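Heads up: the sequence shown at position 4 corresponds to 23 in the numbering used here, and the numbers run straight through without jumps.
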Amino acid sequence: MTIERLGPVDPVAKFNKSEKTTRPEKKSKSDSINVSDEAKSMGELYKATESVKQAPDVRQDRINEVKEKLKDPSYINDKVLESVADSVMDLFKI
Numbered sequence: 020m021t022i023e024r025l026g027p028v029d030p031v032a033k034f035n036k037s038e039k040t041t042r043p044e045k046k047s048k049s050d051s052i053n054v055s056d057e058a059k060s061m062g063e064l065y066k067a068t069e070s071v072k073q074a075p076d077v078r079q080d081r082i083n084e085v086k087e088k089l090k091d092p093s094y095i096n097d098k099v100l101e102s103v104a105d106s107v108m109d110l111f112k113i
């Protein structure tokens with residue numbers, strides 16, 4: 020009686036064959052983004068808002084300028100008073 024060999028001794032060996040691996044294709048190294056006009060305007064608005072928040076509440080340079088003007092007695096006249104009164108009325112919408 021003869022026994023013929025039908026396959027490998029290890030029946031799982033035929034499934035363990037590995038194929039040659041290949042490297043993935045390299046893509047271009049440059050990335051890009053597109054920013055919409057709406058996003059740009061929102062960014063500008065955010066930047067302006069943050070700069071206003073960080074600005075001091077009191078502008079010392081303007082205060083010093085007004086103090087110097089008030090030292091001159093001829094500065095306060097009817098024209099200045101009318102201008103200030105108009106500004107206050109506009110501010111309070113009177």
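Every residue, glycine too, gets a C-beta built ideally from N, C-alpha and C. Just so it is clear, the structure is predicted and the values come from calculations on it, not from any experiment.
* **The alpha helix (DSSP H) enclosing TYR65, as first and last residue numbers** => 56-73
* **Separation of ASN83 from VAL77, as counted between CA atoms** => 11 Å
* Asked: Are the beta-carbon atoms of TYR94 and LYS86 separated by less than 9 Å?
  -> no
* Rounded straight-line distance, which links the Cα of ASP109 to that of GLN73 -> 28 Å
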